[in-house]
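Asker: First the structure, then my questions, so here it is.
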Amino acid sequence: MEINQITDREQAPMDLLLLADPNQQIVENYLKDGHCYGAYQRGFLIGVYVLINKSSEIAEIANIAVHPDRQNEGIGRKLIEHAIKVAESKGFEHIEIGTGNSSLGQLALYQKCGFSMQAIIKDFFTDHYEDPIEENGIICRDMIRLSKQLT
Ligand code: ACO
Numbered sequence: 000m001e002i003n004q005i006t007d008r009e010q011a012p013m014d015l016l017l018l019a020d021p022n023q024q025i026v027e028n029y030l031k032d033g034h035c036y037g038a039y040q041r042g043f044l045i046g047v048y049v050l051i052n053k054s055s056e057i058a059e060i061a062n063i064a065v066h067p068d069r070q071n072e073g074i075g076r077k078l079i080e081h082a083i084k085v086a087e088s089k090g091f092e093h094i095e096i097g098t099g100n101s102s103l104g105q106l107a108l109y110q111k112c113g114f115s116m117q118a119i120i121k122d123f124f125t126d127h128y129e130d131p132i133e134e135n136g137i138i139c140r141d142m143i144r145l146s147k148q149l150t
């Protein structure tokens, strides 16, 4: 598997990016502000993430998604490890990621990758998303912010 930057915004895989965030306008803003990276296998795009500069010290994985047919094979973990290396090489002190209170698998994965919980933004999803989101039988209401210190 190869992970390469997708420099042409038009080439960003919107179908995959929308798996991580159903709001297309928000995804387009991430692409405008950030750098998009794609994971390729035999020429096929199987995963994607967008890294943004939240501040001069903090990078954020704003969006990460793996093709539904290829989830739970370790690709998401490889994308996060790549994002950590990119953020380190750019001199950031911390890398952050945010997800919903109902995203239990994502919360497990991010903590396995060394992120720890920093804050809860109460009612973020119910305030910013028109349609209710439910996963694992739980209403997605709050955003959990996680952070990892970089060396
Ligand atoms: N409990 C414990 N561990 C779990 C659970 C759970 N309920 N669910 C998943 N995991 C663990 C797995 O055991 C595995 O850990 P391991 O590496 O120790 O074996 C890990 O989480 C899954 O790792 P990967 O296989 O690398 O993950 P995947 O390739 O499926 O990518 C991703 C994860 C990106 C979340 C993918 O499932 C996806 O695209 N989901 C839909 C889009 C999405 O939700 N994106 C994130 C939104 S938040 C944001 O974008 C900032």
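In numbering that gives the first Met the number 0, the protein residues as written are 0 to 150.
Beta carbons: idealized from backbone N, C-alpha and C, even for Gly.
Nearest to S88 by CA position, among E56, Q70, G42, E72, is which residue?
Answerer: Among E56, Q70, G42, E72, the Cα nearest to that of S88 is on E56.
Asker: Strictly by DSSP, which residues pair up with I63?
Answerer: Answer is Y48, bridged to I63.
Asker: List the residues that DSSP assigns as beta-bridge partners of L145.
Answerer: DSSP output for L145 lists I96, M116 as bridge partner(s).
Asker: Per DSSP, N3 forms a beta bridge with which residues?
Answerer: G37, per the DSSP bridge assignment.
Asker: Just tell me which of D126, L149, L50 has its CA closest to the CA of T30.
Answerer: Sequence inspection shows Leu at residue 30; the Thr mentioned does not correspond to that position. Looking at the Cα atoms, L50 is the closest of the given residues.
Asker: Considering only the alpha carbon of each residue, which of F124, K147, Q105, G99 lies closest to S115?
Answerer: The shortest C-alpha separation from S115 is found at K147.
Asker: For L17, collect the residues of the same chain with a Cβ closer than 7 Å to its Cβ; drop the 5 residues on either side in sequence, then sort them by chain order.
Answerer: Counting only Cβ-Cβ distances below 7 Å, and skipping sequence neighbours, we find Q23, V26.
Asker: If you follow the alpha helix (DSSP H) that I132 is in, where does it begin and where does it stop?
Answerer: Careful: I132 lies outside any alpha helix (DSSP H) and carries neither H nor E.
Asker: Tell me which residues share the same chain as N3 and place their Cβ nearer than 8 Å to its Cβ, disregarding the 5 neighbours each side in the sequence.
Answerer: Once the five neighbours on either side are set aside, the close Cβ partners of N3 are Y36, G37, Y39.
Asker: With DSSP collapsed to three states, give me the class of A58.
Answerer: In the structure shown, A58 sits in a strand (DSSP, three-state: E or B).
Asker: If you follow the alpha helix (DSSP H) that Q105 is part of, which residue opens it and which one closes it?
Answerer: That run of the alpha helix (DSSP H) goes 103-111.
Asker: From this set, E9, D20, G46, which residue's C-alpha is nearest E1's C-alpha?
Answerer: Nearest of E9, D20, G46 to E1, Cα basis: G46.
Asker: Can you grab the Cα-Cα spacing for the pair Q117 / H66, in whole Å?
Answerer: Their Cα atoms are separated by approximately 28 Å.
Asker: Tell me whether L17 counts as near the ligand ACO, meaning its Cβ is closer than 7 Å to at least one heavy atom of that ligand.
Answerer: No - the ligand ACO has no heavy atom lying nearer than 7 Å to the Cβ of L17.
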